[in-house]
Amino acid sequence: MAQANLLGSFPKSVRSRIFRGIASACLLTAGVAIACEPLAAQSFSLPSNSVARGPSTSPGNTPDNNSQGFAPRTPAPNAANTPPSLQTPPSSGNRGSANNALPSSGAASGQLSAGGQLPREAGQEHRVYNLSPYTGYLTKHDRPHQAVVDWIVRETGTDVWHTEPFGFMSADRDELKVYHTNEMHQVIAGIVERFVAGDKEPQVMNLRLMTVSNPNWRSNAHMLMQHVNVQSPGLQAWLLTKENAALVMNTLRSRTDVREVQAVDLIMNNGQTEKLASTRGRNYVLNVKPSPAHWPPYEPETGEIQEGFQIEVSPLLSVDGRTLDCVIKADIDQVDKFVPVELDLPLPNNQVHRTKIEVPQLVSWRLHERFRWPSDMVLLLSCGVVASPERNQSMVPLLNLSSITGTTAGRSDALMFVEFRGRASDNLTTTPLVPQIGTRVSAPNRGRY
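Every position in the sequence shown, counted from 1, becomes a number in my numbering once 21 is added.
#1: Going by the CB atoms, is the gap between K310 and Q322 shorter than 8 Å?
#2: DSSP on E214, reduced to helix/strand/coil?
#3: Per DSSP, which residues does P367 bridge with? Please list them.
#4: Whose CA, out of P381, N265, A266 and D346, lies closest to the CA of G302?
#5: When you compare each of L256, V282, S339 and V285 to D8 by their alpha carbons, which one comes out closest?
#6: Along the chain, where does the beta strand (DSSP E) containing M437 start, and where does it finish?
#7: According to DSSP, is H183 helix, strand or coil?
#8: Helix, strand or coil: how does DSSP classify S162 here?
#9: Do you know whose CA, among L297, R274 and N203, lies nearest A351's CA?
#10: When we look at the beta-carbon of M4 and count the other beta-carbons within 10 Å, is it buried (16 or more) or exposed?
#11: From T177 to V208, what distance separates their C-alpha atoms?
#12: Helix or strand or just coil, what does DSSP make of E146?
#13: From the DSSP output, in three-state form, read off N237 for me.
#14: Compare the C-alpha of R148 against each of F189, T156, K198 and T184 and name the closest.
#15: Leaving out the 5 sequence neighbours to the left and right, which residues in its chain are closer than 8 Å to P186 when beta-carbon positions are compared?
#16: Quick one: Cα of L287 to Cα of E295, how far?
#17: Quick check: L260 and Q247, are their CB atoms within less than 8 Å of each other?
#18: Would you check if the stretch 382-397 and the stretch 331-345 touch, i.e. whether three or more CB-CB distances between them fall below 8 Å?
#19: If you follow the alpha helix (DSSP H) that V269 is in, where does it begin and where does it stop?
#20: Residues in the same chain with beta-carbon distance under 6 Å from A258, minus the five sequence neighbours each way, listed in chain order, please.
#21: When DSSP builds the beta bridges, which residues end up paired with T285?
#22: Under 8 Å, do L366 and Y319 count as touching if we go by C-beta distance?
#23: Which one or two residues does DSSP pair with M398 in a beta bridge?
#24: On the DSSP bridge assignment, give the partners of A298 in chain order.
#25: Within the continuous beta strand (DSSP E) that includes S312, where are the two ends?
#26: Which of helix, strand or coil does DSSP assign to S69?
#27: Taking the CB atoms as reference points, tell me whether V169 and L152 lie closer together than 8 Å.
#28: Go through its chain and collect everything with a Cβ distance to W172's Cβ below 7 Å, but skip five positions before and after it.
#29: What does the Cβ neighbour count give for T95, buried or exposed, with the cut at 16 atoms within 10 Å?
#30: Kindly indicate which three-state DSSP category D220 falls into: helix, strand or coil?
#31: For L297 and chain C, any beta-carbon pair shorter than 8 Å?
#32: Using a Cβ-Cβ cut-off of 6 Å (strictly less than) and excluding sequence neighbours within five positions of H389, which residues of its own chain qualify?
#33: State the CB to CB distance for the pair V8 and L273, rounded to an integer number of angstroms; the pair is presumed to be in contact (CB under 8 Å).
#34: With distances taken from CA atoms, which of H206, R229 and L436 is nearest N235?
#35: What does the alpha-carbon distance come out to for the pair L107 and L133?
#36: What did DSSP end up calling V360 once you bin it into helix, strand or coil?
In structure tokens form, the structure reads like this:
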């Protein structure tokens, strides 16, 4: 009332001017408020690598179809030390219109299956094989069930597991799970039976590696050996009775050009793989580089080559023990000689420093073959006149001419005798070995495939 009386004291023309000013001020205030609303809706969004778009999760806040909330992205621990290939890429969202959409990466990442039945167009069946009667004895072996998988793949090949008809195979220490056709299950059952129903005791495989400088030893031993067909080029194989094998070995030992490189009894379980290796390093001048001390101006840089032999043997007995399947893999590497190469290197006084490097000349041969023969016979293998598995060492180091000339007299006929000698308890001890049943143990993956 006091304000009305105060305005009433002014003339009418003055009062109208005051009212118009108040009205203009109110309209200006309302315009600013209305203009602020679209300004907030059009604010710039934060970079996509620092926030993640998503609906607001605050209580009582329900997002509508026209608004998008922003939630801070939780940084990964040690993100600065995480390789880029292991970091989660930022979400790209739906970019582009329906008529100009970006290509989907579903073809590269695989299509998510909705589940359902496995393909059975070829009558596939899923069967589970119990491996514990075999693996329970091998308490000190890492992943003994891997031997079962290896022998199944050797028998069936790898293509049947990667082409049609659809199938799979998975194994752990107790069980082997296979999904394939009935014909494939019959093959697999035969392999599994040789493991679970075969002899569980350790067996003895005798290996003898000999070298002969002249291959004419065949002339006296030809009638004592039975030739065996092989697949590897240059490889020859024979079967001998144990009596004939002893005669051939005695004939070889009577020669002056024969050397017995290795003779060993491998104690191994049925189906498992054992390795035998004998290697040594040979040094040579690989490179010449400037000397940090500047005198001598250049210094040699040496390298090393491992030469010798590496042999892997994996035998698998039949259930009755009369037949033996054996996969033999042998790698022999030898330095035939070092070829010298002269180098002329500049000196600061415009002179030339003459030195040399060495280029190794290697001779190698490889053997990877599967054999099957009666367990009461001896297998004899020869790869022909190839690199010798072992160099002859001079008794007197000063007379070792190979260290001076850089050459190696390394051509010989490498012979390998493979003989199955039965249980280790019958060969090495007087009391039979009692296998112990073990419980399930966890073992790291050896990465066989």
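Beta carbons are placed, not taken as given, at the ideal position from N, Cα and C, and that holds for glycine.
Reading off the structure:
#1: Correcting the residue identity first, residue 322 is Glu in this sequence and not Gln. The answer is yes: Cβ separation under 8 Å.
#2: In this structure, E214 counts as helix in the three-state DSSP scheme.
#3: Residue pairing of P367 in beta bridges, as defined by DSSP: V373.
#4: Taking only the C-alpha atoms, the option nearest G302 is P381.
#5: In the structure displayed, the chain extends from 22 to 470; residue 8 sits before or after that span and is not available.
#6: Note, M437: beta strand (DSSP E), R432 to R444.
#7: Coil.
#8: One detail in the question is off: residue 162 reads as His in this sequence, not Ser. Three-state result, H162: coil.
#9: Closest by alpha carbon: L297.
#10: Because the chain in this structure spans residues 22 to 470, residue 4 falls outside the shown range and cannot be described.
#11: Between T177 and V208, the C-alpha separation is close to 8 Å.
#12: Looking at E146 - three-state DSSP - the assignment turns out to be strand.
#13: The answer is helix: DSSP assigns N237 an H, G or I state.
#14: Nearest C-alpha to R148: K198.
#15: Taken in chain order, the residues that qualify are P140, E142, A143, Q145, H201 and T202.
#16: Annotation: L287 to E295 spans about 7 Å, alpha carbon to alpha carbon.
#17: The criterion of a C-beta distance shorter than 8 Å is satisfied by L260 and Q247.
#18: Yes: the two stretches touch, three or more of their Cβ pairs being nearer than 8 Å.
#19: First-last of the alpha helix (DSSP H) with V269: K263 to R274.
#20: Cβ contact annotation for A258 (same chain, cutoff 6 Å, sequence separation greater than five): V249, V251 and L402, in chain order.
#21: A small fix is needed here, since residue 285 is Val in this sequence, not Thr. For V285, which the question treats as bridged, DSSP gives the partners L228.
#22: Closer than 8 Å, so yes.
#23: Looking at the DSSP assignment, M398 forms a beta bridge with T262.
#24: Its beta-bridge partners are Q331.
#25: Here S312 belongs to no beta strand (DSSP E), and DSSP marks it neither H nor E.
#26: Because S69 sits at a pLDDT of 40, beneath the cut-off of 50, its placement in the model cannot be relied upon, and the following sentence gives the value as read from the coordinates. If DSSP states are grouped into helix, strand and coil, S69 belongs with coil.
#27: Using a Cβ distance threshold of 8 Å, V169 and L152 count as a contacting pair.
#28: These residues qualify, in order along the chain: I212, G292 and L337.
#29: Any answer about T95 is weak, because its pLDDT of 46 lies below 50 and its placement is not dependable; what the coordinates show is given next. That one is exposed.
#30: Under the three-state reduction of DSSP output, D220 falls in the coil class, being neither helix nor strand.
#31: Absence of chain C from the displayed structure is noted, only one protein chain being present.
#32: Counting only Cβ-Cβ distances below 6 Å, and skipping sequence neighbours, we find K350.
#33: Residue 8 is absent from the model: the chain starts at 22 and stops at 470.
#34: Per the Cα distances, L436.
#35: Here L107 scores only 45 on pLDDT, less than 50, and its place in the model is too uncertain to base an answer on.
#36: Here V360 sits in strand by DSSP.
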